[in-house]
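Here's the structure, in structure tokens; my notes come after.
In our numbering, the protein residues as written are 49 to 476.
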């Protein structure tokens, strides 16, 4: 048969995709149950992608925001490497490292002029801490021993009262600064400044309350109390002896971050007598490094879920191919009639390919809607687990579902276009 353009073909080309889509929707409506079962795999795959991206993206944004809230250019030197998850053999090895000391922090302060401030702290959160006022008790807070530079180094200002002074640190004064959660728990209706509290039975005078930063994914940085470092050592000496201190360094300028890291690292290596050909026997951490570690972990989780989603999409694609092959067989006579009145091979391909793409796109739309609904349900059920649906994820879901329709619908469409019109007209 000649492949020249016929009046029918010209009319079809003018109607274009809209006409093909109309015919595709008519065919789908004629077999609703079959079409629904066919796209189930696509729905599951797209829903999984949207929901997982929303949960992981929201979780990433929340954790990254928390880390950056404590100073995007802050540098910390400590005995142990920061890690997500259990310690393992590497952690056991780190236990044998020498502790960092307050004297190490003083050396960095003296020898690194590019450092705006150097703060020393130690956190005691390995046991139950009882912080009480009258008959009220805080809800399992942790206690920090710090110096007077903590608010600047950690970007954690005082909201009420003041922070303790260098003189109070030097003389181990019995003063305390409360986190916002602790203040709300034990001083719900009164000003805590000048009042006394007890920490595991030891009495301290409240001089300030920190600014409230809010809960971040089930963890509240506001549920703590702060003591001058020597005061902390006097009450919790065993913990300091076993773990040493953390040294926080804030560069004067953000662009000096690497310079400060290099200089402070050299100071510590010299003081700890680390040979030039040996690695550091202490950890150096910045928020960017922690963010990178965290993204690597969540990226692995996302990759596993995407793999599962891809399997669902492949299953859905095979279903689309199967249903289109059945459709070609059922409509053999229709194809013969169309070709007999002048339809070209490309017209037949366009008709069946459009039907396959329409079928898979409907599955994609339903998957996107369900994925967004799942993300919203998770956010409503677990407020501490934020979800965020970036614009690209629904677009990606729709694009992938259309791609599945094209890939798995092409062979049935080509097969339909190759039918001999005479044989097709004889088909019963």
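Just so it is clear, CB atoms sit at the ideal spot from N, CA and C, and this is done for glycine as well. All of these numbers come straight from a predicted model, not from anything done at the bench.
DSSP places residue 448 in the uninterrupted alpha helix (DSSP H) bounded by 440–465.
Here residue 285 is exposed: its Cβ has fewer than 16 other Cβ atoms, across all protein chains shown, within 10 Å.
DSSP places residue 198 within a helical segment (H, G or I) once states are collapsed to three.
Residue 215 is classed as exposed because its beta carbon has fewer than 16 other beta carbons within 10 Å across all chains shown.
Distance check between residue 317 and each of 439, 126, 228 and 92 places 126 closest, using alpha-carbon atoms only. When 319, 376 and 354 are compared, the shortest CA-CA separation from residue 457 is found for 376. Secondary structure note for residue 244: its beta strand (DSSP E) is the uninterrupted segment 244–247.
Close CB contacts of residue 234 within its chain, under the 6 Å cut and outside five residues either way in sequence, are with 181, 184 and 186 (chain order).
Nearest Cα to residue 463 within the set 446, 369, 145 and 240: 369. For residue 241, no alpha helix (DSSP H) segment is defined, and its DSSP state is neither H nor E. As DSSP reads the structure, residue 208 sits in a beta bridge with 257. The three-state secondary structure of residue 97, taken from DSSP, is helix. Fewer than three beta-carbon pairs drawn from the region 423–430 and the region 89–96 are found closer than 8 Å, and the two stretches are therefore not classed as touching. Contact between the region 226–244 and the region 152–161 is absent: fewer than three C-beta pairs spanning the two stretches fall below 8 Å.
Rounded to whole angstroms, residue 359 and residue 394 show a C-alpha spacing of 31 Å. One Cα belongs to residue 164, the other to residue 296, and the distance between them is close to 11 Å. Only residues of its own chain outside the window of five on either side were considered, and among them 460 have a CB closer than 6 Å to the CB of residue 373, listed in chain order.
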